[in-house]
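Protein chains: 2
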Amino acid sequence: MSRSIGDLGEFVLIGQVTTRLPQGSEIILGPGDDAAVISAPDRRVVATTDLLIENRHFRREWSSAYDIGRKAAAQNLADVAAMGGRPTALLVGLAAPPQLAVAWVLDCTDGLRDECEVVGASVAGGDISAGEMITLGITALGDLEGRAPVTRAGARPGDVVVLAGRLGWAAAGLALLRRAGAGADAIPGDLAPLVAAHRRPEPPYALGPALALAGATAMCDVSDGLVQDLGHIATASGVAVELSRPALTPPPALAAAAAALGVDPWSWVLGGGDDHALVACLPPTATAPNGCRVIGRVGERGDAAVLVDGEPWEGAGGHEHFR
Amino acid sequence: MSRSIGDLGEFVLIGQVTTRLPQGSEIILGPGDDAAVISAPDRRVVATTDLLIENRHFRREWSSAYDIGRKAAAQNLADVAAMGGRPTALLVGLAAPPQLAVAWVLDCTDGLRDECEVVGASVAGGDISAGEMITLGITALGDLEGRAPVTRAGARPGDVVVLAGRLGWAAAGLALLRRAGAGADAIPGDLAPLVAAHRRPEPPYALGPALALAGATAMCDVSDGLVQDLGHIATASGVAVELSRPALTPPPALAAAAAALGVDPWSWVLGGGDDHALVACLPPTATAPNGCRVIGRVGERGDAAVLVDGEPWEGAGGHEHFR
Numbered sequence: 003m004s005r006s007i008g009d010l011g012e013f014v015l016i017g018q019v020t021t022r023l024p025q026g027s028e029i030i031l032g033p034g035d036d037a038a039v040i041s042a043p044d045r046r047v048v049a050t051t052d053l054l055i056e057n058r059h060f061r062r063e064w065s066s067a068y069d070i071g072r073k074a075a076a077q078n079l080a081d082v083a084a085m086g087g088r089p090t091a092l093l094v095g096l097a098a099p100p101q102l103a104v105a106w107v108l109d110c111t112d113g114l115r116d117e118c119e120v121v122g123a124s125v126a127g128g129d130i131s132a133g134e135m136i137t138l139g140i141t142a143l144g145d146l147e148g149r150a151p152v153t154r155a156g157a158r159p160g161d162v163v164v165l166a167g168r169l170g171w172a173a174a175g176l177a178l179l180r181r182a183g184a185g186a187d188a189i190p191g192d193l194a195p196l197v198a199a200h201r202r203p204e205p206p207y208a209l210g211p212a213l214a215l216a217g218a219t220a221m222c223d224v225s226d227g228l229v230q231d232l233g234h235i236a237t238a239s240g241v242a243v244e245l246s247r248p249a250l251t252p253p254p255a256l257a258a259a260a261a262a263l264g265v266d267p268w269s270w271v272l273g274g275g276d277d278h279a280l281v282a283c284l285p286p287t288a289t290a291p292n293g294c295r296v297i298g299r300v301g302e303r304g305d306a307a308v309l310v311d312g313e314p315w316e317g318a319g320g321h322e323h324f325r
Numbered sequence: 003m004s005r006s007i008g009d010l011g012e013f014v015l016i017g018q019v020t021t022r023l024p025q026g027s028e029i030i031l032g033p034g035d036d037a038a039v040i041s042a043p044d045r046r047v048v049a050t051t052d053l054l055i056e057n058r059h060f061r062r063e064w065s066s067a068y069d070i071g072r073k074a075a076a077q078n079l080a081d082v083a084a085m086g087g088r089p090t091a092l093l094v095g096l097a098a099p100p101q102l103a104v105a106w107v108l109d110c111t112d113g114l115r116d117e118c119e120v121v122g123a124s125v126a127g128g129d130i131s132a133g134e135m136i137t138l139g140i141t142a143l144g145d146l147e148g149r150a151p152v153t154r155a156g157a158r159p160g161d162v163v164v165l166a167g168r169l170g171w172a173a174a175g176l177a178l179l180r181r182a183g184a185g186a187d188a189i190p191g192d193l194a195p196l197v198a199a200h201r202r203p204e205p206p207y208a209l210g211p212a213l214a215l216a217g218a219t220a221m222c223d224v225s226d227g228l229v230q231d232l233g234h235i236a237t238a239s240g241v242a243v244e245l246s247r248p249a250l251t252p253p254p255a256l257a258a259a260a261a262a263l264g265v266d267p268w269s270w271v272l273g274g275g276d277d278h279a280l281v282a283c284l285p286p287t288a289t290a291p292n293g294c295r296v297i298g299r300v301g302e303r304g305d306a307a308v309l310v311d312g313e314p315w316e317g318a319g320g321h322e323h324f325r
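Taken in sequence, the protein lines are chains A and B. Counting in the numbering used here, the first sequence runs from 3 upward without gaps. Counting in the numbering used here, the second sequence runs from 3 upward without gaps.
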């Protein structure tokens with residue numbers, strides 16, 4: 003039987019975790035003290051936090067500890083990118099039952115570390131305590147490199163709406179896992195990329211700062227669903243966002259999964275969260291960075307915040323945590 | 003029956019929470035976007051995070067929502083102070099069951115806000131989601147105002163050890179609540195300050211920067227127990243900490259509670275956590291700020307990290323999360 007964190011004890015565990023965490027040049031003081039100290043070169047720090055709780059935000063039977071670490075880091079690092087920031091550091095609070103295998107915690111740590119490495123950030127500190135459910139409290143910090151933060155509130159009629167990253171892949175992967183239950187291994191190989199997208203999102207981090215430099219007037223990451231998240235931009239900016247279905251046509255893997263499960267693929271494209279794509283509004287004269295595609299435009303605000311081919315979208319989707 | 007957060011819905015709840023949160027001058031962008039943006043005047047940010055989980059770190063029957071908010075903020079703000087930092091902002095992740103009363107969340111928010119106000123910080127952002135247990139993921143940020151961070155690693159033989167704040171009060175209050183169970187109202191009035199200390203710690207925040215200015219060579223807050231926390235300083239610094247019992251004599255309220263419960267009050271003084279006192283090592287030539295008292299000295303490292311009147315302390319106490 004594998005060794006548990008309760009057998010190991012808190013302080014030995016913390017030691018084993020922190021030795022796996024290299025500290026980048028922007029970490030002035032890393033793990034092991036009352037707090038970390040992190041460089042904030044432009045005298046401002048971007049900061050965001052999320053809680054992830056077992057069986058609510060992830061399932062151990064559907065994702066490895068490593069992938070849970072990758073995903074937990076990704077969703078917070080993407081929020082920094084969505085402000086136009088470059089992530090610098092992650093802080094991690096972990097609560098777990100004493101009988102949890104030490105290997106689970108170390109694998110999760112490796113996932114957090116490796117996702118940070120993608121963007122040049124470091125896991126600079128944290129906290130470990132006991133809890134019935136595995137719980138991760140993740141905070142990401144970042145630097146704006148002298149740029150203004152790109153909020154949700156600056157979109158103007160006439161702007162074009164651009165997308166970087168995938169839509170609906172993670173939602174489709176989750177639907178496949180839910181349907182397959184314990185038989186997740188039996189999901190056909192051509193649909194495997196969708197399951198992988200659920201387990202390990204690949205936010206287009208570098209396009210956050212690139213879109214800010216290109217003059218983005220508003221930006222957010224797609225964590226709750228495209229229509230819902232663009233609705234926040236539309237409301238904050240006092241505009242309408244007009245999406246074009248042809249620009250969002252579900253790719254073959256999504257269409258195949260939708261056919262296999264008997265669901266509407268548009269519910270994933272327009273309502274699926276967790277891919278952490280970036281959507282931004284750009285002035286019509288701006289040049290979109292490579293890796294972005296135009297998916298709509300910004301119009302005057304009418305009755306609906308978001309229109310899809312001129313109609314409010316009535317499909318399922320969008321995430322509300324208490325329903 | 004009071005309204006639940008599930009009835010209200012996530013986005014209305016977030017709106018009600020954020021309207022209660024004034025934003026100080028150092029919050030460049032507050033709640034409502036993908037991330038907050040906070041001023042970091044000296045190009046470095048102090049950052050610390052903790053998870054607090056219902057029935058592990060607090061009990062709703064023993065503490066009001068307001069006090070749980072105060073305490074959750076305090077324990078993180080104290081970590082910033084223990085680096086010699088001035089707290090600037092708090093980020094709060096909250097998970098809660100849908101049936102939780104809206105009033106509970108708003109009262110907890112008020113507690114978080116008011117504890118921040120004590121130090122001039124603001125609740126600048128966060129996240130709300132569903133979970134079976136109420137869970138708070140708190141991150142505190144702070145500024146060093148040009149000073150070097152005071153770590154645990156700089157103590158030198160000959161330094162004096164000074165204490166700011168209370169020891170053992172919160173532990174005694176918790177012991178009283180445990181013994182009283184549902185009859186907590188029956189705790190005698192002269193012991194009420196101990197219960198209050200458990201519910202709402204009063205860390206000596208301002209003495210963190212003051213001790214840094216005074217030349218502190220090492221500092222930490224007492225969150226797990228004096229001997230254990232000083233043990234971290236002793237180990238990190240390669241020294242021994244020699245405490246003096248006469249300087250730590252339990253005050254009358256502690257002695258009375260100990261007599262009432264039939265426990266050794268020294269277990270609270272030397273092993274009790276959660277008061278978030280600050281302990282620091284100062285060069286012998288330094289002048290301790292007002293509000294600190296000398297409780298020992300730093301010696302050469304021998305077999306024991308911490309000595310109490312020349313002996314290793316064998317008493318109960320010190321916190322290990324997985325036991």
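Every residue, glycine too, gets a C-beta built ideally from N, C-alpha and C.
Name, please, each residue of chain A whose Cβ falls closer than 7 Å to the Cβ of D36(B). T50, D81, A84, M85, C222, D223
request  = Could you list the residues in the stretch 103-137 of chain A with a C-beta less than 8 Å from some C-beta on chain B, going in chain order?
outcome  = A126, G127, G128, D129, I130, S131, A132, G133, E134, M135, T137
Q: Check the Cβ of S41(B) against every Cβ in chain A and list those closer than 7 Å, keeping chain order.
A: R45, R46
### Query
Counting contacts by CB-CB distance shorter than 9 Å, is H59(B) in contact with chain A?
yes
(request) Starting from G139(B), find everything on chain A with Cβ-Cβ shorter than 7 Å and list it in chain order. (result) T51, L53, G95, G139
Quiz item: Quick one: is A142(A) near chain B, going by C-beta distance under 9 Å?
Solution: yes
Q. If A173(A) and W270(A) are in contact, beta carbons under 8 Å, what's the gap, nearest whole angstrom?
A. 4 Å
- Query: Counting only beta-carbon atoms, is G274(B) nearer than 9 Å to chain A?
  - Reply: no
Practice problem: From the DSSP output, in three-state form, read off D266(B) for me. | Solution: coil
Comparing the C-beta of E12(B) with each C-beta of chain A, is any distance below 9 Å? yes
| said: Am I right that D81(B) and D36(A) are in contact with their C-beta atoms under 8 Å? What's the rounded C-beta distance? | reply: 4 Å
Discussion item. I want to see whether chain B comes within less than 9 Å of R158(A), judged by CB atoms only; does it?
Written reply: no
Item to complete: Write down the C-beta distance between G11(B) and T20(B) rounded to the nearest angstrom, noting that I regard them as a contact closer than 8 Å.
Response: Going by Cβ atoms, the distance from G11(B) to T20(B) rounds to 15 Å, so no, they are not a contact pair.
message = What does the alpha-carbon distance come out to for the pair M221(B) and P206(A)?
response = 41 Å
*If we cut at 9 Å on Cβ distances, does L31(A) have a partner in chain B?*
yes
Would you mind sorting N292(B) into buried or exposed? The rule is 16 or more other CB atoms within 10 Å of its CB. exposed
| request: Please report how far the alpha carbon of G217(B) lies from the alpha carbon of A150(B), in whole angstroms. | output: 10 Å
For chain D, find out if any of its Cβ atoms is closer than 9 Å to the Cβ of A91(A); answer yes or no.
-> This model lacks chain D altogether, as its protein chains are A and B.
- In whole angstroms, what separates the C-alpha of A74(B) from that of T137(B)? 11 Å
Residue closest to W171(A), alpha-carbon to alpha-carbon, out of L284(A), A255(A), T287(A), P24(A):
A255(A)
Please report the straight-line C-alpha distance between E313(A) and A282(A), rounded to a whole angstrom. 21 Å
- State buried or exposed for T153(A), treating a residue as buried only when at least 16 other CB atoms are found within 10 Å of its CB. buried
Checklist line | chain B within 9 Å of L146(A), Cβ atoms only | finding: yes
Can you pull the chain A residues whose beta carbon is under 8 Å from the beta carbon of T20(B), in chain order?
Going along chain A, no residue has its Cβ under 8 Å from T20(B), so there is no contact; the nearest lies around 13 Å.
*To the nearest angstrom, how far is it from the Cα of R46(B) to the Cα of G148(B)?*
9 Å
To the nearest angstrom, how far is it from the Cα of D192(B) to the Cα of I235(B)? 35 Å
task: Name, please, each residue of chain A whose Cβ falls closer than 8 Å to the Cβ of T153(B).
output: L31, D35
Alpha carbon to alpha carbon, how far is L1(A) from E134(B)? Lying before the first or after the last residue shown, residue 1(A) is absent from chain A, which here runs from 3 to 325.
Next item on the list: Look at the alpha carbon of N78(B) and the alpha carbon of V265(A), and state the distance between them as a whole number of angstroms.
Entry: 46 Å
* Return the chain-ordered list of same chain residues with a C-beta closer than 6 Å to the C-beta of V104(A), the five sequence neighbours on each side being excluded. => R5, I7, L10
Exercise. Could you have a look at G274(B) and say whether DSSP puts it in helix, strand or coil?
Key: coil
Run through DSSP, which three-state label would A208(A) get?
coil
Could you tell me the alpha carbon to alpha carbon distance between V310(A) and S246(A), rounded to whole angstroms?
6 Å
* Among all the DSSP beta bridges, which residues are the ones paired with L15(B)? -> Paired residue(s): none; L15(B) is not in a bridge.
Next on the checklist: Going by DSSP in three states, T1(A) sits in which element: helix, strand or coil?
Outcome noted: Lying before the first or after the last residue shown, residue 1(A) is absent from chain A, which here runs from 3 to 325.
* Check the DSSP bridge columns for S124(A) and list the partner residues they point to. => A91(A)
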